[in-house]
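**Q**
Protein chains: 2
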Amino acid sequence: MIKANDPALHSWIEISPESDFPIQNLPFGIFESATKDPRVGVAIGDYVLDLCAVAQHNLFELLDVDPTVFHRPYLNDFIALGKPMWRAVRNRVSELLRNDNDEISGNSRLMQECLIKQSDVRMLMPVKVGNYTDFYSSIEHATNVGTMFRDPKNALLPNWKHIPIGYHGRASSIIVSGTDIRRPNGQTKAPDAAAPTFGPSRLLDFELEVAFITGRETRLGDMISPDEADDYIFGLVLFNDWSARDMQTWEYVPLGPFLAKSFASSISPWVVTLDALEPFRVKGPVQDPKPLPYLDFHGDHNYDINLEVLLQPEDGQENSICRSNFKHMYWNMNQQLAHQSSNGCNIQVGDMYASGTISGPDKTSYGSMLELTWRGTQPIELSDGSERKFINDYDTVIMRGFAERNGIRVGFGEVKAKVLPAL
Amino acid sequence: MIKANDPALHSWIEISPESDFPIQNLPFGIFESATKDPRVGVAIGDYVLDLCAVAQHNLFELLDVDPTVFHRPYLNDFIALGKPMWRAVRNRVSELLRNDNDEISGNSRLMQECLIKQSDVRMLMPVKVGNYTDFYSSIEHATNVGTMFRDPKNALLPNWKHIPIGYHGRASSIIVSGTDIRRPNGQTKAPDAAAPTFGPSRLLDFELEVAFITGRETRLGDMISPDEADDYIFGLVLFNDWSARDMQTWEYVPLGPFLAKSFASSISPWVVTLDALEPFRVKGPVQDPKPLPYLDFHGDHNYDINLEVLLQPEDGQENSICRSNFKHMYWNMNQQLAHQSSNGCNIQVGDMYASGTISGPDKTSYGSMLELTWRGTQPIELSDGSERKFINDYDTVIMRGFAERNGIRVGFGEVKAKVLPAL
Chain A
10 MIKANDPALH
20 SWIEISPESD
30 FPIQNLPFGI
40 FESATKDPRV
50 GVAIGDYVLD
60 LCAVAQHNLF
70 ELLDVDPTVF
80 HRPYLNDFIA
90 LGKPMWRAVR
100 NRVSELLRND
110 NDEISGNSRL
120 MQECLIKQSD
130 VRMLMPVKVG
140 NYTDFYSSIE
150 HATNVGTMFR
160 DPKNALLPNW
170 KHIPIGYHGR
180 ASSIIVSGTD
190 IRRPNGQTKA
200 PDAAAPTFGP
210 SRLLDFELEV
220 AFITGRETRL
230 GDMISPDEAD
240 DYIFGLVLFN
250 DWSARDMQTW
260 EYVPLGPFLA
270 KSFASSISPW
280 VVTLDALEPF
290 RVKGPVQDPK
300 PLPYLDFHGD
310 HNYDINLEVL
320 LQPEDGQENS
330 ICRSNFKHMY
340 WNMNQQLAHQ
350 SSNGCNIQVG
360 DMYASGTISG
370 PDKTSYGSML
380 ELTWRGTQPI
390 ELSDGSERKF
400 INDYDTVIMR
410 GFAERNGIRV
420 GFGEVKAKVL
430 PAL
Chain B
10 MIKANDPALH
20 SWIEISPESD
30 FPIQNLPFGI
40 FESATKDPRV
50 GVAIGDYVLD
60 LCAVAQHNLF
70 ELLDVDPTVF
80 HRPYLNDFIA
90 LGKPMWRAVR
100 NRVSELLRND
110 NDEISGNSRL
120 MQECLIKQSD
130 VRMLMPVKVG
140 NYTDFYSSIE
150 HATNVGTMFR
160 DPKNALLPNW
170 KHIPIGYHGR
180 ASSIIVSGTD
190 IRRPNGQTKA
200 PDAAAPTFGP
210 SRLLDFELEV
220 AFITGRETRL
230 GDMISPDEAD
240 DYIFGLVLFN
250 DWSARDMQTW
260 EYVPLGPFLA
270 KSFASSISPW
280 VVTLDALEPF
290 RVKGPVQDPK
300 PLPYLDFHGD
310 HNYDINLEVL
320 LQPEDGQENS
330 ICRSNFKHMY
340 WNMNQQLAHQ
350 SSNGCNIQVG
360 DMYASGTISG
370 PDKTSYGSML
380 ELTWRGTQPI
390 ELSDGSERKF
400 INDYDTVIMR
410 GFAERNGIRV
420 GFGEVKAKVL
430 PAL
């Protein structure tokens, strides 16, 4: 059988070489249109393949999959069918879209019913998020923060190289790309002020992250080893962990970030499967000291994914302000999931686990304004001549990501959100 | 109309004066039995009233409520109908159970179909928890912890009297009373050890808490004022926030508690409504300094609820080890919910908001082993002659709570869980 990742594959749909969605990608998402209620789709070039329509026309017949799982407002029920089924559906979609297959391409009515232009659909939240954890797994980010706020000589706390540090976040306020966000109100206290005040955050920031979505549950008490984790990870999205730095500084001791984060987190709508990312596995950074055995892993579990952040002022142009890469992660996803479940905490289908800010080694690769402007001391100049220390009202923040090898580009599309003034 | 809280009300069901569930209480829960699949019930004396059966027999006809909302495995769909409907159903149930009403009591077939002994049912999780926050709102608890771990002279951190400090917790591992828990494995590091190790927690603790459940959603960007909060709170349960102190110490800097909490939290199965607790409102502690206006409230929002923790060794007797009261809370629930939503974070139906450990002013009212034994330096002696610094394998921890006034006792039943050894 031809593998769905084979660089030699071509589709009967014309796809630009710059597209994030060649036949080797086939990410899953939830869309609606003027004529279609929310359902599961797969991105292919500039189109969406409507899996609900594909299933209705018996094109998944040999898979023995309940066709109604594609007619749902979230991917959860499809994902819950397990990795063999995700893979079988992806392989079958690959087959249907291949240039040597005419099951859809040879039938103009089917083409019309199953394919819809991306410009004609609205993308919705891909999953109903049951639980959300945010990790803190980039050593460059943790070092930058520790240097700024604590001690440059002891930037990393003693636990950092032993534990994939993380905290529970708010699931309800994770929203899909394209949804405007509001600058949050909150309590802050300037270091020299006698008392705190309440009002719009003045230090609104983004954090460039990648999140993985789990597709298999465990029971309370079960643990997942890093080597088993691949079977639990359905796919990945880009994740903007919006942060109000002034609120965070005042609230976070001793129980961690709370309202500084929970006002919104934005994600990209297409879930790129671990299968699609297989060709882009790379070795991660050397871990020294060696992690404890429950965090031990075999094989490569980092991924070479180019990441970029762009800032677009109201009516202005996109300014590229950061280029980073997911391969920089010190702790990989398999270790994160193993750690999360090491106390017996049960994993659910649709959980979201974000990486933490992905900063690279040099200044242009820092994944937040906090680091890029070094706490606002080194503002960024934009193409329209204006400066930014943090994010202004009406600014749009865009994150994009893609992996590329052997001429094949597997991308995430983007996560994009405009900041509206506080209410 | 007679109010459902009226102390003069009596039911045609015989109810012991020591029962937590007189006709003035009427808490909601989800139960199943040998012959009934999961559904909504109301506790009355030693019985459960099956609301699914009540609705099927058209006894809710005048309420215009979809009868199928009572035939669900969680209360969420019923709760989502809003406060006027919770109240109307509670009032109607009160009417049906009153000694001057024979709609059920006068029909032996109906009695048999609608009433079932509590000893014949299994209680399930009352709600599907979408989001869970744990606050830290007892000044005595925060002071005890600050005294032990930081500085007795500056036990409270500077933000504590300005913010109802809280953090996001793990929703998936909240489980119902009666479910055994496993001692968690985790990473810990003794102060004098060169490196951390992984294994069963040695300092397993409970935290005595009360949690409220929200029954009305907000949109992203909306804020709830403390004076509006009563309309969002459906009811309360007892909450045991299991904690692994040795894991917590090592992991919690800088992002807060994580795996030290997420292995399990146990709740009592009956949700006592805010309406049932109305007669037990009391003034809370004086808040000085005065909170910022967004946390300002009118009326009394503390509740006089007696709380008790009991420890029962394997095959042994219950030992009362703590008596506290929910009235001690420095920050009330209305302020907690206002704070949670003050940044625009959206509230969902079925969210759970726990109080944080409820310690009172004296040593017998401390709500955790950490405080009761002062970090293990003053062990508790049990009736069988054994000692406890923290919780042992096969110990059962039981929490009970009730309010009492004018001879009427409105109780929560209990939350009870046995600790099994680590896997």
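First to last, the sequence lines map onto chains A and B. Take the working numbering: the last position of the first sequence gets the number 432, and nothing is skipped along the way. Take the working numbering: the last position of the second sequence gets the number 432, and nothing is skipped along the way. Note that beta-carbon positions come from the ideal geometry of N, C-alpha and C, so glycine has one too.
Determine the DSSP secondary structure at residue 286 of chain B, reduced to helix, strand or coil.
**A** By one-based count along the second sequence, residue 286 of chain B stands at place 277. Looking at residue 286 of chain B - three-state DSSP - the assignment turns out to be helix.
**Q** Where does the unbroken alpha helix (DSSP H) through residue 149 of chain B begin, and where does it stop?
**A** Your numbering for residue 149 of chain B matches position 140 in the second sequence. Start and end: 148 to 158.
**Q** According to the neighbour-count rule (16 or more other Cβ atoms, all chains shown, within 10 Å of its Cβ), is residue 277 of chain A buried or exposed?
**A** On the first sequence, residue 277 of chain A is found 268 positions in, with the first residue counted as 1. That one is buried.
**Q** Give a yes or no on whether 7 Å exceeds the smallest Cβ distance from residue 191 of chain A to chain B.
**A** The sequence position of residue 191 of chain A within the first sequence is 182, counting from 1. By this cut-off, residue 191 of chain A is an interface position.
**Q** In terms of residues, what are the limits of the beta strand (DSSP E) holding residue 331 of chain B?
**A** Indexing the second sequence from 1 puts residue 331 of chain B at position 322. Segment 328 to 334, the beta strand (DSSP E) holding residue 331 of chain B.
**Q** Please say whether residue 146 of chain A and residue 365 of chain A have beta carbons closer to each other than 7 Å?
**A** Mapped onto the first sequence, residue 365 of chain A falls at position 356. Mapped onto the first sequence, residue 146 of chain A falls at position 137. Against a cut-off of 7 Å, the Cβ pair of residue 146 of chain A and residue 365 of chain A comes out as a contact.
**Q** Short of 9 Å Cβ to Cβ, which residues in the region 254 to 275 of chain B face chain A?
**A** The region 254 to 275 of chain B vs chain A, Cβ under 9 Å: 256, 259, 260, 261, 262, 263, 264, 265, 266, 267, 268, 269, 270, 271, 272 and 273.
**Q** If the cut is a Cβ gap below 9 Å, which residues of chain A does residue 202 of chain B touch?
**A** Counted from its first residue, the second sequence places residue 202 of chain B at position 193. Going along chain A, no residue has its Cβ under 9 Å from residue 202 of chain B, so there is no contact; the nearest lies around 11 Å.
**Q** Please name the residue in A:354, A:236, A:224 and A:410 whose C-alpha comes closest to that of residue 272 of chain B.
**A** Translated into positions along the second sequence, residue 272 of chain B becomes position 263. Residue 272 of chain B has its Cα closest to that of A:354, out of A:354, A:236, A:224 and A:410.
**Q** With 9 Å as the limit, tell me which residues of the region 167 to 183 of chain A have their beta carbon closer than that to any beta carbon of chain B; keep them in chain order.
**A** For the region 167 to 183 of chain A, which is checked against every Cβ of chain B, the residues closer than 9 Å are 167, 168, 171, 172, 174, 175, 176, 177, 178, 179, 180, 181 and 182.
**Q** Tell me whether residue 66 of chain B sits in a helix, a strand or coil according to DSSP, three-state version.
**A** Counted from its first residue, the second sequence places residue 66 of chain B at position 57. Looking at residue 66 of chain B - three-state DSSP - the assignment turns out to be coil, as it is neither helix nor strand.
**Q** Whole angstroms is fine: what's the gap from residue 13 of chain B's alpha carbon to residue 100 of chain B's?
**A** Here the question's residue 13 of chain B lines up with position 4 in the second sequence. Here the question's residue 100 of chain B lines up with position 91 in the second sequence. Computed Cα separation, rounded: 6 Å.
**Q** Whose Cβ in chain B lies nearer than 7 Å to the Cβ of residue 14 of chain A?
**A** In the first sequence, residue 14 of chain A corresponds to position 5, counting from 1. The premise fails here: residue 14 of chain A is roughly 33 Å from chain B at the closest Cβ pair, so nothing lies under 7 Å.
**Q** Are the beta-carbon atoms of residue 233 of chain A and residue 347 of chain A separated by less than 7 Å?
**A** In the first sequence, the residue the question calls residue 233 of chain A occupies position 224. In the first sequence, the residue the question calls residue 347 of chain A occupies position 338. Yes, Cβ-Cβ distance for residue 233 of chain A and residue 347 of chain A is below 7 Å.
**Q** Give the range of the beta strand (DSSP E) segment to which residue 222 of chain B is assigned.
**A** In the second sequence, counting from the first residue as 1, residue 222 of chain B sits at position 213. 217 to 223 is the extent of the beta strand (DSSP E) around residue 222 of chain B.
**Q** Helix, strand or coil: which one does DSSP assign to residue 112 of chain A?
**A** Translated into the one-based positions of the first sequence, residue 112 of chain A becomes position 103. Coil.
**Q** Against residue 229 of chain B, what residues of chain A qualify as contacts under a CB-to-CB distance less than 9 Å, listed in chain order?
**A** Walking along the second sequence from the start, residue 229 of chain B turns up at place 220. Ordered by position in chain A, the residues that pass the 9 Å Cβ test against residue 229 of chain B are 181, 182, 184, 188, 190, 191, 272 and 273.
**Q** Quick one: which residues of the region 132 to 150 of chain A get their C-beta closer than 7 Å to a C-beta of chain B? List them in chain order.
**A** So the list reads 139, 140 and 145, given in the order they occur along the chain.
**Q** Where do the N-terminal and C-terminal ends of the alpha helix (DSSP H) with residue 101 of chain A fall, by residue?
**A** Sequence index remark: in the first sequence, residue 101 of chain A carries index 92 (1-based). Start and end: 92 to 106.
**Q** Hey, out of B:358, B:188, B:317 and B:285, whose CA is closest to residue 102 of chain B's CA?
**A** Within the second sequence, residue 102 of chain B is the residue found at index 93, counting from 1. Of the listed residues, the one whose Cα sits closest to residue 102 of chain B is B:285.
**Q** If residue 274 of chain A and residue 315 of chain A are in contact, beta carbons under 8 Å, what's the gap, nearest whole angstrom?
**A** In the first sequence, the residue the question calls residue 274 of chain A occupies position 265. In the first sequence, the residue the question calls residue 315 of chain A occupies position 306. Contact doesn't hold; Cβ gap of about 22 Å is too wide.
**Q** Residue 30 of chain B and residue 62 of chain B: beta carbons closer than 7 Å?
**A** Along the second sequence, one-based indexing puts residue 30 of chain B at 21. Along the second sequence, one-based indexing puts residue 62 of chain B at 53. In this structure, residue 62 of chain B does not lie closer than 7 Å to residue 30 of chain B by Cβ.
**Q** Taking only the alpha-carbon atoms, compute the straight-line gap between residue 330 of chain A and residue 185 of chain A and give it to the nearest angstrom.
**A** Position 321 of the first sequence, counting from 1, holds the residue named residue 330 of chain A. Position 176 of the first sequence, counting from 1, holds the residue named residue 185 of chain A. Cα to Cα, the separation comes out at about 22 Å.
**Q** So does residue 380 of chain A have its beta carbon nearer than 6 Å to some heavy atom of the ligand MG?
**A** Judged by which ligands are present, the structure shown has none, so any question about the ligand MG falls away.
**Q** In the structure shown, what three-state DSSP assignment does residue 362 of chain B receive?
**A** The residue given as residue 362 of chain B occupies position 353 in the second sequence. Strand at residue 362 of chain B.
**Q** Determine, for residue 301 of chain A, whether the minimum Cβ-Cβ distance to residues of chain B falls below 7 Å.
**A** Your numbering for residue 301 of chain A matches position 292 in the first sequence. For residue 301 of chain A, the answer is yes, since a Cβ of chain B falls inside 7 Å of its Cβ.
**Q** On the three-state DSSP scale, how would you describe residue 400 of chain B?
**A** In the second sequence, counting from the first residue as 1, residue 400 of chain B sits at position 391. Three-state DSSP puts residue 400 of chain B in coil, outside helix and strand.
**Q** Starting from residue 184 of chain A, follow its DSSP beta bridges and name the residues at the other end.
**A** Taking the first residue of the first sequence as position 1, residue 184 of chain A is located at position 175. BP columns for residue 184 of chain A point to A:275.
**Q** Starting from the beta carbon of residue 432 of chain A, find every residue of chain B whose beta carbon is closer than 9 Å, and list them in chain order.
**A** Locating residue 432 of chain A in the first sequence gives position 423, counting from the first residue. Simply 230, 231, 232 and 353.
**Q** Should the region 162 to 169 of chain A be called in touch with the region 120 to 140 of chain A, which here means at least 3 C-beta pairs below 8 Å?
**A** Contact between the region 162 to 169 of chain A and the region 120 to 140 of chain A is absent, because fewer than three Cβ pairs lie under 8 Å.
**Q** Less than 7 Å between CB atoms is the rule here; does residue 296 of chain A satisfy it with respect to chain C?
**A** No chain C is part of this structure, whose protein chains are labelled A and B.
**Q** Which two residues bound the contiguous beta strand (DSSP E) that contains residue 143 of chain A?
**A** Against the first sequence, residue 143 of chain A aligns to sequence position 134. From DSSP, the beta strand (DSSP E) with residue 143 of chain A extends over 141 to 144.
**Q** Sort B:368, B:390 and B:384 by Cα distance to residue 150 of chain B and report the nearest one.
**A** On the second sequence, position 141 is the one that residue 150 of chain B refers to. The shortest C-alpha separation from residue 150 of chain B is found at B:368.
**Q** Quick check on residue 399 of chain B - is its C-beta less than 7 Å from some C-beta in chain A?
**A** Against the second sequence, residue 399 of chain B aligns to sequence position 390. Not closer than 7 Å to any Cβ of chain A, the Cβ of residue 399 of chain B fails to qualify, so no.
**Q** Are the Cβ atoms of residue 360 of chain A and residue 139 of chain A separated by less than 7 Å?
**A** Numbered from its first residue, the first sequence carries residue 360 of chain A at position 351. Numbered from its first residue, the first sequence carries residue 139 of chain A at position 130. Yes; because the gap between Cβ atoms is below 7 Å, this pair is in contact.
**Q** Report the rounded CA-to-CA distance for residue 22 of chain B versus residue 408 of chain B, giving the unit in angstroms.
**A** The count along the second sequence starts at 1 and reaches residue 22 of chain B at position 13. The count along the second sequence starts at 1 and reaches residue 408 of chain B at position 399. Cα-Cα distance, rounded: 27 Å.
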